[in-house]
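Protein chains in written order, with my numbering: chain A, 1 to 227; chain B, 228 to 454; chain C, 455 to 681; chain D, 682 to 908.
Glycine included, C-beta positions come from ideal geometry on N, C-alpha and C.
From a predicted model like this one, the values you see are computed outputs, not experimental measurements.
4 protein chains.
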Amino acid sequence: MLQETKEKVLRANLDLVKYHLVIFTWGNVSMRDPDTGYIVIKPSGVPYDEMKADYMVVLDGEGKRVEGNMKPSSDAPTHLVLYNHFREAGGIVHTHSEWATSWAQSGRNLPAYGTTHADYFYGEVPCTRKLTREEIERAYEVETGNVIAETFRKLDYRSVPGVLVYGHAPFTWGKDADEAVHNSVVLEEVAKMAFRTEVLGNRIPLDQFLLDKHYLRKHGKDAYYGQ
Amino acid sequence: MLQETKEKVLRANLDLVKYHLVIFTWGNVSMRDPDTGYIVIKPSGVPYDEMKADYMVVLDGEGKRVEGNMKPSSDAPTHLVLYNHFREAGGIVHTHSEWATSWAQSGRNLPAYGTTHADYFYGEVPCTRKLTREEIERAYEVETGNVIAETFRKLDYRSVPGVLVYGHAPFTWGKDADEAVHNSVVLEEVAKMAFRTEVLGNRIPLDQFLLDKHYLRKHGKDAYYGQ
Amino acid sequence: MLQETKEKVLRANLDLVKYHLVIFTWGNVSMRDPDTGYIVIKPSGVPYDEMKADYMVVLDGEGKRVEGNMKPSSDAPTHLVLYNHFREAGGIVHTHSEWATSWAQSGRNLPAYGTTHADYFYGEVPCTRKLTREEIERAYEVETGNVIAETFRKLDYRSVPGVLVYGHAPFTWGKDADEAVHNSVVLEEVAKMAFRTEVLGNRIPLDQFLLDKHYLRKHGKDAYYGQ
Amino acid sequence: MLQETKEKVLRANLDLVKYHLVIFTWGNVSMRDPDTGYIVIKPSGVPYDEMKADYMVVLDGEGKRVEGNMKPSSDAPTHLVLYNHFREAGGIVHTHSEWATSWAQSGRNLPAYGTTHADYFYGEVPCTRKLTREEIERAYEVETGNVIAETFRKLDYRSVPGVLVYGHAPFTWGKDADEAVHNSVVLEEVAKMAFRTEVLGNRIPLDQFLLDKHYLRKHGKDAYYGQ
Chain A
1 MLQETKEKVL RANLDLVKYH LVIFTWGNVS MRDPDTGYIV IKPSGVPYDE MKADYMVVLD
61 GEGKRVEGNM KPSSDAPTHL VLYNHFREAG GIVHTHSEWA TSWAQSGRNL PAYGTTHADY
121 FYGEVPCTRK LTREEIERAY EVETGNVIAE TFRKLDYRSV PGVLVYGHAP FTWGKDADEA
181 VHNSVVLEEV AKMAFRTEVL GNRIPLDQFL LDKHYLRKHG KDAYYGQ
Chain B
228 MLQETKEKVL RANLDLVKYH LVIFTWGNVS MRDPDTGYIV IKPSGVPYDE MKADYMVVLD
288 GEGKRVEGNM KPSSDAPTHL VLYNHFREAG GIVHTHSEWA TSWAQSGRNL PAYGTTHADY
348 FYGEVPCTRK LTREEIERAY EVETGNVIAE TFRKLDYRSV PGVLVYGHAP FTWGKDADEA
408 VHNSVVLEEV AKMAFRTEVL GNRIPLDQFL LDKHYLRKHG KDAYYGQ
Chain C
455 MLQETKEKVL RANLDLVKYH LVIFTWGNVS MRDPDTGYIV IKPSGVPYDE MKADYMVVLD
515 GEGKRVEGNM KPSSDAPTHL VLYNHFREAG GIVHTHSEWA TSWAQSGRNL PAYGTTHADY
575 FYGEVPCTRK LTREEIERAY EVETGNVIAE TFRKLDYRSV PGVLVYGHAP FTWGKDADEA
635 VHNSVVLEEV AKMAFRTEVL GNRIPLDQFL LDKHYLRKHG KDAYYGQ
Chain D
682 MLQETKEKVL RANLDLVKYH LVIFTWGNVS MRDPDTGYIV IKPSGVPYDE MKADYMVVLD
742 GEGKRVEGNM KPSSDAPTHL VLYNHFREAG GIVHTHSEWA TSWAQSGRNL PAYGTTHADY
802 FYGEVPCTRK LTREEIERAY EVETGNVIAE TFRKLDYRSV PGVLVYGHAP FTWGKDADEA
862 VHNSVVLEEV AKMAFRTEVL GNRIPLDQFL LDKHYLRKHG KDAYYGQ
């Protein structure tokens with residue numbers, strides 16, 4: 001039901017405001033419609049408090065507009081690249097949330113300093129390399145997607161559902177729009193606590209066996225946590 | 228009255244949201260029922276805004292479910308170990324509150340830098356040692372309780388009603404669920420101020436005689452403060 | 455009108471909550487009644503949301519209760535010492551507000567890094583020396599007042615209406631309860647910005663002639679600012 | 682319509698409160714009336730919650746009051762100097778917002794560490810030099826305007842719509858009052874994230890070609906972003 005997906009995407013976009021992840025129009029959520037495979041995404045430049053489900057833009061896999069009268073978010077090309085590489089991702093979120101963006105601006109991977117992190121991200125959340133001048137000038141938004149895909153070449157995007165784009169901001173994903181938003185909230189929270197952990201003097205991440213325990217008790221085949 | 232205890236536990240769990248100590252379902256409060264000695268605890272994975280008193284799970288001292296249809300919080304085994312060691316504790320709280328968790332992630336004891344701290348915690352709030360791989364793989368939640376108990380072997384849990392679990396997050400306790408929540412709020416506040424105190428250049432805790440004065444004017448036999 | 459003063463003191467105490475300067479009962483406002491010279495102060499241990507004007511306690515200059523059934527705030531002896539030394543102070547506030555308290559815990563004077571500070575405090579806000587063991591054991595609250603008075607021996611309390619008590623927290627004052635609360639809000643704001651100014655690398659206070667300009671355009675005999 | 686401009690100025694001033702950029706009366710917005718060229722500005726010392734459109738003060742280019750019974754903001758002379766130098770600026774905002782003011786107090790230019798910054802400010806946001814004793818004593822508010830104009834002698838105020846005044850606080854501008862407020866919100870957000878970026882260890886600004894891309898995709902002649 002494409003209509004239902006539009007409503008989910010609308011609500012997920014409004015959740016970005018509720019969770020203080022965006023101001024103005026600085027964020028966007030998209031979702032892969034389970035029936036058609038189309039991508040439903042927030043329109044460009046519309047204030048959150050005026051948005052309606054029917055404003056959501058429907059794109060096919062090449063980015064051609066299938067439904068909707070408005071322009072899709074200018075980050076749509078990045079979302080499309082990610083949906084093509086991350087075949088099981090059903091929802092994607094991009095924000096300029098304050099803590100994750102500060103890490104992205106520092107150009108550093110976000111270390112796994114605690115079990116809060118380990119419950120959602122299996123190891124550090126990577127920061128991409130810088131884009132080259134050529135990439136930026138040729139197809140900036142597409143290349144942003146490509147550099148994320150490149151970052152996950154040897155990393156499982158399903159066990160680390162988020163990334164920091166160098167000098168820019170985070171993207172997260174999940175099985176649908178809601179889970180992608182959830183992961184954005186978590187990323188923001190652990191980015192904040194990691195900052196403070198470092199100021200308090202620790203730069204040593206969790207032991208691998210503790211990472212294993214936390215990730216697997218929640219996501220492994222014998223998961224028993226928070227179900 | 229078990230019913231009354233369930234309602235207290237419900238309200239105390241909701242207070243975690245009110246005091247901004249938790250997001251999503253990242254926290255849990257339990258209480259020892261004064262009549263039966265049973266432990267009443269939040270169910271696992273239920274959003275705070277849908278919780279009702281009847282969802283609370285009642286466990287006996289071995290963790291067997293006596294009442295309730297839902298699964299207890301996955302941290303229940305930790306709570307049970309603590310109730311067994313801390314015989315006068317009537318309520319226990321676990322959160323991933325942002326400042327206390329940052330200290331737990333740093334692996335450091337929280338020093339007593341000010342009288343706000345000294346009014347509630349008689350000296351530093353300890354951080355446990357790391358759990359070993361074997362402890363984590365054998366019985367993670369039980370061993371989390373054990374390592375807290377070990378930390379208090381030479382420390383009076385009644386005068387220091389809280390702990391930081393290494394790489395994880397805080398636990399606090401009190402005579403009932405409300406007091407345990409109160410101590411969580413205080414721990415968060417003093418963890419925040421201690422962070423800033425250190426950034427401002429001080430790492431020297433209060434004089435012992437000032438610690439004595441503050442703790443004893445509130446908790447000593449001649450207490451006169453805030454009664 | 456003592457009744458009017460009680461109502462002002464009540465409202466000023468509630469303003470501490472509104473401005474996020476206190477949690478629980480961690481703060482108190484008093485005021486010198488202009489007619490009688492009596493000191494009206496918050497009662498001890500009463501939650502802010504249950505307080506009424508009639509709960510306010512009226513004390514004479516020696517601290518004897520003249521009106522009211524409740525115990526005065528346990529900080530009343532400190533307030534009384536200050537009213538005796540600072541003859542033009544009509545209102546006094548004590549809080550454990552998070553930023554000013556962090557400075558107090560660091561044991562440092564709060565430097566005047568900006569004009570926001572200079573509009574209210576004519577130079578740095580001093581931090582008292584530590585109290586001695588003897589002072590703490592003999593008459594802790596009275597000696598807290600004395601050490602503040604000592605700090606202002608060579609400093610005009612009218613041009614610097616606030617202080618940090620070493621390892622404890624701030625006190626502020628003003629011509630009445632409202633102005634004292636106002637100065638507490640300002641102290642908190644400038645304490646926060648001073649912290650960040652230092653982290654950004656600056657430890658040099660404003661030039662004296664800029665301090666002069668800001669303080670005098672607001673408080674001098676030719677004041678023209680914000681009137 | 683001067684009346685319409687007064688209402689816009691009122692609303693823009695109230696937006697400062699909504700966006701948490703001011704407490705008390707610590708901020709002011711003005712706007713150049715498109716019909717008459719007069720400057721409409723907030724009155725001095727009036728609490729935000731009592732302000733009405735008719736309280737707004739109308740000044741001509743020399744600062745003579747054309748309409749209104751109240752005194753203009755004491756920062757009006759600074760606004761007037763800026764309107765005279767920045768001919769296309771239609772709105773100006775001054776606040777003591779906490780993060781931008783902390784940078785102003787540090788005396789440092791705000792580097793462009795991320796694309797959030799680059800979307801609005803084309804390169805670093807400059808900090809003025811210190812004012813001299815003579816400037817401060819002669820005509821403080823006018824000289825504050827002059828030192829801002831001096832700072833932009835070799836910098837395009839249209840591509841960098843904001844400044845930090847040394848030891849004081851930020852000013853921003855835009856095509857009207859709303860855009861000036863919008864730029865104040867952005868400045869605060871990027872000031873906050875830049876602080877954290879530095880604490881995380883990065884002091885290298887974005888590559889020039891990425892600055893170019895972001896600024897030009899939004900403001901260049903082929904702008905396609907957020908329209």
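Compare the C-beta of residue i against all C-beta atoms of chain B and say whether one is closer than 8 Å.
i: A/Y215; result: no
i: C/Y594; result: yes
i: C/E643; result: no
i: C/I495; result: no
i: C/Q457; result: no
i: C/R562; result: yes
i: C/L664; result: no
i: A/Y113; result: yes
If you reduce the DSSP assignment to three classes, tell me which class residue i lands in.
i: C/T626; result: strand
i: A/G201; result: coil
i: C/G599; result: helix
i: C/S484; result: strand
i: D/V846; result: coil
i: C/V463; result: helix
i: D/V841; result: coil
i: D/H701; result: coil
i: D/F833; result: coil
i: D/D716; result: coil
i: C/M647; result: helix
i: D/A861; result: helix
i: C/Q681; result: Reliability of the predicted coordinates at C/Q681 is poor, the pLDDT of 41 falling under 50, and the value obtained from them is presented with this limitation in mind. Looking at C/Q681 - three-state DSSP - the assignment turns out to be coil, as it is neither helix nor strand.
i: A/D15; result: helix
i: C/L660; result: coil
i: C/K672; result: helix
i: C/E588; result: helix
i: C/K667; result: helix
Are any of the Cβ atoms in chain C nearer than 8 Å to that of residue i?
i: D/T954; result: A question about residue 954 of chain D goes unanswered here, because the residues of chain D that appear run from 682 up to 908.
i: B/K291; result: no
i: D/E779; result: yes
i: D/A757; result: no
i: D/A785; result: yes
Look up residue i in the DSSP assignment and give the residues it is bridged to.
i: D/P728; result: According to DSSP, D/P728 bridges with nothing at all.
i: B/I268; result: B/S257 and B/V284
From the beta carbon of residue i, is the nearest beta carbon of chain D less than 8 Å away?
i: C/N523; result: no
i: A/F86; result: no
i: A/V199; result: yes
Under a CB-based cut-off of 8 Å, is residue i close to chain A?
i: D/R877; result: yes
Ranges of the beta strand (DSSP E) found wholly within the stretch 508–586 of chain C, counting only runs of at least 3: 511–513, 519–521 and 545–549
Residues from the stretch 134–168 of chain A in contact with chain D, defined by Cβ distance under 8 Å: I136, E137, Y140, G167 and H168
Where the stretch 238–252 of chain B meets chain A: residues whose CB sits under 9 Å from a CB there: I250, F251 and T252
Contacting positions in the stretch 403–414 of chain B - beta carbon closer than 9 Å to chain A: none
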